[in-house]
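Only one structure is covered here, and it is reproduced in the block below.
Number of protein chains: 2
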Amino acid sequence: MLNDRKRKILQIIIEDYIETAEPVGSRTIARKHNLGLSPATIRNEMSDLELLGYLEQPHTSAGRVPSAQAYRLYVDSMVDSMKEEPGVLTENDMALINSWYKERIRNMDDIFKSTAKILSRMTQNVSLVLANKKSTARFKYLKFLPLSDTQAIMCIVTDDGAMDNGLIDIPAGMSGSELDYLSGKMSNLLKGRRLTEINGDLLQEVYSAVSEDEVMLASLKKAISNIAAKNSEQKVFLGGAKQLLNQPEFQDVGRVKNLLGILEEEKVVKDILNAGDDSGLKVTIGSENKFTGIKDCSMVQATYRLNGQIVGTMAVLGPTRMEYRKVIAVMNYLHKYLETILKDPK
Amino acid sequence: MLNDRKRKILQIIIEDYIETAEPVGSRTIARKHNLGLSPATIRNEMSDLELLGYLEQPHTSAGRVPSAQAYRLYVDSMVDSMKEEPGVLTENDMALINSWYKERIRNMDDIFKSTAKILSRMTQNVSLVLANKKSTARFKYLKFLPLSDTQAIMCIVTDDGAMDNGLIDIPAGMSGSELDYLSGKMSNLLKGRRLTEINGDLLQEVYSAVSEDEVMLASLKKAISNIAAKNSEQKVFLGGAKQLLNQPEFQDVGRVKNLLGILEEEKVVKDILNAGDDSGLKVTIGSENKFTGIKDCSMVQATYRLNGQIVGTMAVLGPTRMEYRKVIAVMNYLHKYLETILKDPK
DNA sequence: TGTTAGCACTCTGCACACATGAGTGCTAAC
DNA sequence: GTTAGCACTCATGTGTGCAGAGTGCTAACA
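Going down the list, the protein sequences come from chains V and C.
If you use our numbering, the first sequence corresponds to residues 14 to 359, in order.
If you use our numbering, the second sequence corresponds to residues 14 to 359, in order.
Following this line, the structure appears as structure tokens:
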């Protein structure tokens, strides 16, 4: 539908606008790029492109600005072409990323934190990183570690090698070996269950098979439901609200406030990130966004997996006039990097 | 040095300016407050106050604005008077605070999170909350929970009733009872130590008294240093960057960027909060702040303790034109509230 | 001696007119 | 199909004038 020349001109306009944030005029194009065309010809083409819905004019005597539809075309064809020759990151960029990751990684949270930081620094936009908690882990065994005469710590080990714990009340004077007997019995009965399955009823059943202390049962219930809640909780990491203020579209305080308001509501951020838990890379442009408040923004989002399981989602949120090429390249790189780290988190 | 009338006028100017963010003129004062004085008289007094350094004039024909020195006087005398009749929070405010705290408290982190949120909502400024980690806890005992043929989880129980854990490598084929023997021995030798004391050398000594497996020793060292690091780490919770944008002094994007930049650097925030680990309430006005970047802001800060130990620090950061009275009242209330909760976190 | 009315002066903010420049759309010629 | 030329539009920047708020000073008053 678009001939090569229109395509070329559209691309030039998009990239120029992404760079300068100023409406692009026909003269500018003719001057900057050696197309062998006069401004008048380019004007005619631009007029066509506007009619086709790819360009918009802020006012009569301004240059033109790409529409959401134009970005869509641009991104789609870019994603296609990137399948063949993916990376456009400079050596420098990659070195920077590597060094940032090496900086201070002690646990999973640090990995996500670093990812958020890197994403925002490299793309000059807000980054959102969502860490899914493993809710599919299965119960392996539990153990009580005595603390005092009336309290103990319950440790639950799951088959993914992780451990959770909670404080529980025990009958006064219960001995260590009694506790061990109890935990052994309970472990046998609960083995293989998902943590979320271990609700009040099941626990009641299992527990009453081995003991009958009401106080301890109650605190067990509470501790386990706490652990289950913690495990099914998603965590959000944000980065780079500051960078946003460098973008000309966010010189208006009202707009900044709007976006900051959204980012401060953890629940909203989670919803946004969970909405696109597609596989692979997803670019949402302007009003394609379902959430009010970011309808004038674009978002590039990617989920990453480990053994087929979604571990998390990362996204870059910014004005529709976003450096899509760079953002996508960074995302692709981080994606690979993360999957390597996650496989072998030494 | 200031007679009563000057004092009174100064107070009126400060409070009016805090409310309106506009320079205050002599006519306004005469109209709003029934002082029995004409604008001209007030003008004379204001002229004196300016000479004394309490007032400043943005330009010749504007009203006057309180200087840092004026705020200092205002805050000091207010803190004094609040010792007698402390609270000025409305019933409504208190109810709001209570309900926010009840909302979703499952662990310590939630308490700090809520505090940050409440502080910023109630004061319309940025809130910073620093949670000190208990680095003074003493080792009680440790226990190994087997995971696989070559791995186990090490659980360390401390005398404050908390537990930490880490993954360690064990010699292939080591039995559960061998692990128990090891942990029992080690527990006896390490009992009563601070976690930070348990460094590589001490551990080497203790461990070689009970076993000689190099791999396990290495992973033990690593796990314990991780735990010690985590325990001595301070955590920061922020709230209400959005509220800031409601303040007229932050309509300028440059200033917002400046402050956001600071808030995004966790290390800087920690430094700021740690700098004032005085006891009790501390108000820092404008250039009294030692940190560049917040020299045009004021900060109200309070540390809270549990059994004499500093548990954390909370602060409100905003323009020098801050509602000191309200901020201080909220802080006082939260202070009491928190110390109650912390004493008995049911 | 303290207080006040009056007045000239200063500065900001706003509205308005005007020129400038960038950009377009259209037409006619190549 | 391409291009030069021209009239037209609109945003932006600048200068002017005016109203309003506020001050400082002086002289009169109690």
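Don't be surprised by glycine CBs; every beta carbon is placed ideally from N, CA and C.
Inter-segment contact for the stretch 332–345 of chain C and the stretch 292–299 of chain C is present: three or more beta-carbon pairs are separated by less than 8 Å. Annotated three-state conformation of V/Val78 is strand, per DSSP. V/Thr333 is positioned such that its CB atom lies no closer than 8 Å to that of V/Tyr67.
Restricting attention to alpha helix (DSSP H) runs no shorter than 4 residues, the stretch 230–294 of chain V encloses them at 254–257, 266–277, 279–288, ordered along the chain. Interface criterion not met: the Cβ of V/Gln137 is under 8 Å from no Cβ in chain C.
Taken in chain order, the members of the stretch 155–171 of chain V whose beta-carbon sits within less than 9 Å of a beta-carbon on chain C are Lys156, Leu158, Pro159, Leu160, Ser161, Gln164, Ile166, Cys168, Val170. Considering only beta carbons, the part of the stretch 172–183 of chain C lying closer than 8 Å to chain V consists of Gly174, Met176, Asn178, Leu180, in chain order. Note on geometry: alpha-carbon atoms of V/Ile275 and V/Gly306 lie some 7 Å from one another. Closest in C-alpha terms to C/Asp214, from the list C/Leu233, C/Asn201, C/Asn111, C/Lys204, comes C/Leu233.
Look at the stretch 279–300 of chain C: it has no residue with a C-beta under 7 Å from a C-beta of chain V.
Residues are counted here when their Cβ sits less than 7 Å from a Cβ of chain V; for the stretch 253–275 of chain C these are Ala254, Lys255, Leu258, Gln264, Val266, Val269, Lys270, Leu273, Gly274, given in chain order.
A straight-line Cα-Cα distance of about 19 Å links C/Cys310 and C/Ile26. Taking all protein chains in view, the Cβ of V/Ser188 is surrounded by fewer than 16 other Cβ atoms within 10 Å, so the residue is classified as exposed. Its Cα nearest to that of C/Thr54, the residue C/Ile22 stands out among C/Val269, C/Ile22, C/Leu65, C/Leu64. Annotation for V/Thr128: the continuous alpha helix (DSSP H) segment containing it runs 121–136.
For C/Ser190, the closest of C/Leu158, C/Gly205, C/Leu109 by C-alpha to C-alpha distance is C/Leu158.
As a beta-bridge residue in DSSP terms, V/Gly325 pairs with V/Ala144, V/Tyr317. Across the structure, C/Thr326 and C/Lys280 are spaced so that their CA atoms are roughly 15 Å apart. For V/Glu277, the nearest beta carbon of chain C is closer than 8 Å to its own beta carbon.
Inclusion of V/Gln256 and V/Ser133 in the CB contact set at 8 Å is warranted, their separation being smaller than that value. A straight-line Cα-Cα distance of about 15 Å links V/Leu330 and V/Thr316. Remark: fewer than three beta-carbon pairs, one from each stretch, lie closer than 8 Å, so the stretch 263–275 of chain V and the stretch 234–245 of chain V are not flagged as touching. Spatial neighbours of V/Asp226 in its own chain (CB-CB distance under 6 Å, excluding positions within 5 residues in sequence) are listed in chain order as Pro184. Following the DSSP letters along the chain, one finds V/Ala165 in no alpha helix (DSSP H) but inside the beta strand (DSSP E) bounded by residues 164–171. In this structure the stretch 246–256 of chain C does not lie against the stretch 205–225 of chain C, because fewer than three pairs of beta carbons, one per stretch, are closer than 8 Å. Residue environment for V/Glu98: exposed (fewer than 16 other C-beta atoms within 10 angstroms of its C-beta).
In the DSSP secondary-structure assignment, C/Lys156 is bridged to C/Cys168. Around V/Tyr114, the same chain offers Ser127 as residues with beta carbons nearer than 6 Å, after the five sequence neighbours per side are excluded. C/Arg20 is positioned such that its CB atom lies no closer than 8 Å to that of C/Glu58. By DSSP's assignment, V/Gly179 forms a beta bridge with V/Met167. Taken through DSSP and simplified to helix, strand or coil, C/Ile42 comes out as helix. Taking C-alpha positions only, V/Ile181 is separated from C/Asn345 by approximately 33 Å. Taking C-beta atoms as the reference points, V/Leu102 and V/Ala342 count as a pair closer than 8 Å. In this structure, the alpha-carbon of V/Ser200 lies about 14 Å from that of V/Ser221. As DSSP reads the structure, C/Ile55 sits in no beta bridge. Here V/Arg20 carries a helix assignment [DSSP, helix/strand/coil].
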